[in-house]
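S.K.: I have a structure here, written as structure tokens, and I will follow up with some questions on it.
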Amino acid sequence: MTGTPAAGGVLVRASVFREIVAHARRAAPDECCGLLVGTGTRIEMAHAARNLRRSPTRYLVDPADHFAAIRSARKAGLAVVGTYHSHPASAALPSPRDEREATAPGFLYLIVFLVINETRGFRLVDGKMAGVRVRVVPESGSSGCAGGA
């Protein structure tokens, strides 16, 4: 699970990573989507969201789910720091639509491609999606393992 290490690394708790992949599998053949909660460098929680597009090639996070994630994050002393979605039939790379719709430079954009079990992270840098190294770490957070990109 890596991207080009252009914009700093991010750690994702193993249980959170498993939740995201399970959500992507449940939603297939449509894209899934959700919010990532944590700090700028560590993802502590994932909040599954409803995809209002219900499409294999598009997603739109339900605003009610987004607000619920914000409330949950605040209660935990954290913030919504990113989003995730799946690409059921294409690589874990931002589509032209993903790039057009990305508006938050500090956000982590995580893309899951189930066909080959690939997940990549990106951040918006100068209007373009730049790869971010993402490591899945055990619950203790002391060390991690990177999957293939």
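Quick note on the working numbering: the sequence shown kicks off at 1055 and runs consecutively.
Even for Gly, the Cβ is constructed at its ideal location relative to N, Cα and C.
(1) Hey, how far is the Cα of residue 1172 from the Cα of residue 1145?
(2) Restricting to runs no shorter than 4 residues, where is the alpha helix (DSSP H) found entirely within the segment 1089–1129?
(3) Using the three-state DSSP reduction, which class does residue 1075 fall into: helix, strand or coil?
(4) Does DSSP put residue 1156 in a helix, a strand or coil?
(5) Measure the CB-CB distance between residue 1115 and residue 1086 and report whether it falls below 8 Å.
(6) Determine which residues share a DSSP beta bridge with residue 1191 and list them.
(7) Determine the burial state of residue 1121: buried for a count of at least 16 other Cβ atoms within 10 Å of its Cβ, exposed for fewer.
(8) Can you check DSSP and say which residues form a bridge with residue 1143?
(9) Let me make sure I understand the geometry here. Which of 1078, 1174 and 1179 has the alpha-carbon closest to that of residue 1157?
(10) Could you tell me the alpha carbon to alpha carbon distance between residue 1167 and residue 1183, rounded to whole angstroms?
M.R.: On the basis of the coordinates in this document:
(1) 8 Å
(2) 1117–1129
(3) helix
(4) coil
(5) Not a contact, by the Cβ cut-off of 8 Å.
(6) 1067
(7) exposed
(8) According to DSSP, residue 1143 bridges with nothing at all.
(9) 1179
(10) 17 Å
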